[in-house]
Amino acid sequence: MRRLRAAQPILVLIVLAALLVGLTVIAREISARAGFLVERPIVLFVWLGGLVIASAVFAWVIRRSIRRVDSTSSGLLLVATALALASPLALMLLQHPAP
Amino acid sequence: MVMGWRRAVTGLLIVSGLLSLGYVAISSYIAEQLVYEAPKAIVKTPASQALRFANVTFPSRDDHINLKGWLIPGVLPDGRLTVDRVIVAVHGTRTNRESPGDHLLELTAALARNGFGVLSFDMRGMGESPPAPLSMGTLEQRDVLGAVDFLRHGTPPFPELGRPRIIGGLGISMGASTLLLAASREPAIAAVVSDSAYAEVVPLLEREVAKRTVAPIGRVPGVFAPAALVMARLLYGVDFFAARPVATVAGIAPRPLFLIHGTADDYVPIVNFRQLQAAASSAAGSRVTTWVVPNARHAQAFKKTGTEYVTRVVAFFDAALGAAA
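Those sequence lines, one after another, are chains A and B. Each residue of the first sequence is one higher than the one before, starting from 1 at the first, in my numbering. Each residue of the second sequence is one higher than the one before, starting from 100 at the first, in my numbering.
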């Protein structure tokens, strides 16, 4: 139980990311029937709005988790969470523009 | 000690969270810009070239988007009209079937005057065709395949001229790359002229992203490009990574392929031409003709060379498709 609680931030991060992607794909599939001019702003709105809400939820979970840090392993799990949170930045490494 | 830990971890979480959030949000916005541009209006029709034509509508293959186009019958030396040999003309990105930037209407008119029927159409999201995401060939190849289906099975707008005996394709810039993708899947396209095609689009888009400005950050650093391309796939289902004619062009053989490129092309560098040439020539039985046009900028070979361009393309199609009946 204690271990699960320590892993809570990284699990919440994964669930939020999956939810956000899933909701965006559903919004795209539904709005696509109304044409691309409708689909385009709806998808962006759902995605960016979802990002803001997910960030707020995650910040709340993290705040509680930081207060409960009482061992090295729970601290390391938070560090792992921070690295997972930064993982989109790794996409920068894929850049290979044309001359 | 624990307080120090907490501060350090909190700082790390805040920094990585803010950086990631900003990176993803800006990349999403760039992706949204990449997949859409307002269509450009068509000003001139083939009538401005003193040619007969019919407005046509046909569905794209697989996803059935209704595309708008013109069927222009070819004019034989004795003045009779013909659709015995029809060239599917494919315009470039962010333009339409008139495509004044690269004079596509004038080029198709020249082909018609040399006895080739021409089906010139607006790809999805451009000209008068319905709004759709721009995918730089990945989805648009279905439009070219729809054009071929229309010529083979659709209602002929000139019933008295019958159906085409043979079909060729001519594409410029993104239209050329789209045509290469389509022709590698569709054997009914008997010969292909590809002018200023890219071998793969992702390196070009990555460079283009770095030229964009987003308020309030101004010029977008190139590091946002890979994420923007991933976001385009996630948000709009547009897979720019699949727009790689270099991977499929060998499939056109043994059908004849004519590759044209300008040496002064700074949008699609000539290295793309070399890559396509090498890939196309690697196939058994390949018949690849090339023409490197000195000092021609992107998609400007026809504008620069005029009659010579038409003479070379007509000679290629005459050899590949046979004489008009």
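C-beta: ideal position from N, C-alpha, C; glycine also.
1) Leaving out five residues before and five after B:Lys-402 in sequence, what residues of the same chain have Cβ atoms less than 6 Å from its Cβ?
2) Reducing DSSP to helix, strand and coil, say where B:Ser-126 ends up.
3) With which residues is B:Phe-220 paired in a DSSP beta bridge?
4) Bridge partners for B:Val-387 per DSSP, in chain order?
5) Are the C-beta atoms of A:Gln-95 and some chain B residue less than 9 Å apart?
6) For B:Asn-154, count the other beta carbons within 10 Å of its own beta carbon; 16 or more makes it buried, fewer makes it exposed. Which is it?
7) Taking CB distances under 9 Å as the criterion, tell me whether B:Glu-131 reaches chain A.
8) Can you tell me whether B:Val-337 is buried or exposed, with buried defined as 16 or more other CB within 10 angstroms of its CB?
9) Taking just the CA atoms, how far does A:Gly-35 sit from A:Ile-66?
10) By how many angstroms is the C-alpha of B:Ile-129 removed from the C-alpha of B:Leu-112?
11) According to a CB-to-CB cut-off of less than 7 Å, which residues of the region 25 to 59 of chain A neighbour chain B?
12) Exposed or buried, what is B:Leu-244 when buried is set at 16 or more other beta-carbons lying within 10 Å of its beta-carbon?
13) From B:Gly-116 to A:Val-38, what does the alpha carbon distance come to, in whole angstroms?
14) Hey, does B:Glu-136 have any beta-carbon neighbour from chain A nearer than 9 Å?
15) In angstroms with no decimal places, state the Cα-to-Cα distance between A:Val-52 and B:Ser-126.
16) Go through its chain and collect everything with a Cβ distance to A:Thr-81's Cβ below 7 Å, but skip five positions before and after it.
17) Does A:Gly-22 come within less than 9 Å of chain B when only Cβ atoms are used?
18) Label B:Arg-343 either buried or exposed according to how many other C-beta atoms from any shown protein chain fall within 10 Å of its C-beta, with 16 as the threshold for buried.
19) Is the Cβ of B:Pro-391 closer than 9 Å to any Cβ of chain A?
20) Could you pull the start and end residues of the alpha helix (DSSP H) that B:Leu-394 belongs to?
21) State yes or no: is the beta carbon of B:Leu-70 nearer than 9 Å to at least one beta carbon in chain A?
22) Under the three-state reduction of DSSP, which class applies to B:Asp-294: helix, strand or coil?
23) Based on Cα-Cα distance, which residue from B:Asp-161, B:Leu-120, B:Arg-386 and B:Gly-173 lies nearest to B:Ala-422?
24) Does the separation of the CB atoms of B:Ser-228 and B:Leu-204 fall below 9 Å?
25) If you measure between the beta carbons of B:Arg-193 and B:Leu-233, is that distance less than 9 Å?
26) Check whether the Cβ atoms of B:Ala-246 and B:Leu-166 sit closer than 9 Å, and answer yes or no.
27) DSSP on B:Phe-157, reduced to helix/strand/coil?
28) Relative to the C-alpha of B:Gly-103, which candidate in A:Val-69, A:Ser-31 and A:Gln-95 has its C-alpha closest?
29) What residue range is occupied by the uninterrupted alpha helix (DSSP H) comprising A:Gly-49?
30) So, under 8 Å CB-CB, B:Asp-162 and B:Asn-195 are touching, yes? Tell me the CB distance rounded to an integer number of Å.
31) Could you tell me whether the region 370 to 378 of chain B touches the region 392 to 411 of chain B, using the rule of 3 or more Cβ pairs below 8 Å?
32) Closest Cβ-Cβ distance between A:Val-69 and chain B: below 9 Å?
33) At a Cβ threshold of 9 Å, is B:Pro-325 touching chain A?
34) Going by CA-CA distance only, name the one from A:Leu-89, A:Arg-63 and A:Leu-91 that's closest to A:Leu-78.
35) Can you name the residues that DSSP bridges to B:Ile-271?
36) Assign B:Thr-181 to one of three DSSP states: helix, strand, or coil.
Let me lay it out:
1) His-202
2) helix
3) B:Gly-168 and B:Val-189
4) B:Leu-356
5) yes
6) exposed
7) yes
8) buried
9) 45 Å
10) 25 Å
11) Arg-28, Gly-35, Phe-36, Leu-37, Arg-40, Val-43, Leu-44, Trp-47, Leu-48, Leu-51 and Ser-55
12) buried
13) Distance between B:Gly-116 and A:Val-38, taken at the CA atoms: about 31 Å.
14) no
15) 15 Å
16) Pro-9, Ile-10 and Leu-13
17) Not one chain B Cβ lies under 9 Å of A:Gly-22.
18) buried
19) Here residue 391 of chain B is Val; the residue named in the question, Pro, does not match the sequence. No, B:Val-391 does not count as interfacial toward chain A.
20) Reading off the sequence shown, one finds Asn at residue 394 of chain B, where the question assumed Leu. Premise fails: B:Asn-394 is in no alpha helix (DSSP H) and is neither H nor E.
21) For residue 70 of chain B there is no data in the structure shown, the boundaries of chain B being 100 and 424.
22) strand
23) B:Gly-173
24) Contact flag unset, no.
25) yes
26) yes
27) strand
28) A:Val-69
29) 36 to 67
30) About 20 Å; that fails the 8 Å criterion.
31) no
32) yes
33) yes
34) Ranked by Cα distance from A:Leu-78, the first of A:Leu-89, A:Arg-63 and A:Leu-91 is A:Arg-63.
35) B:Asp-294
36) Reduced to three states, the DSSP call for B:Thr-181 is strand.
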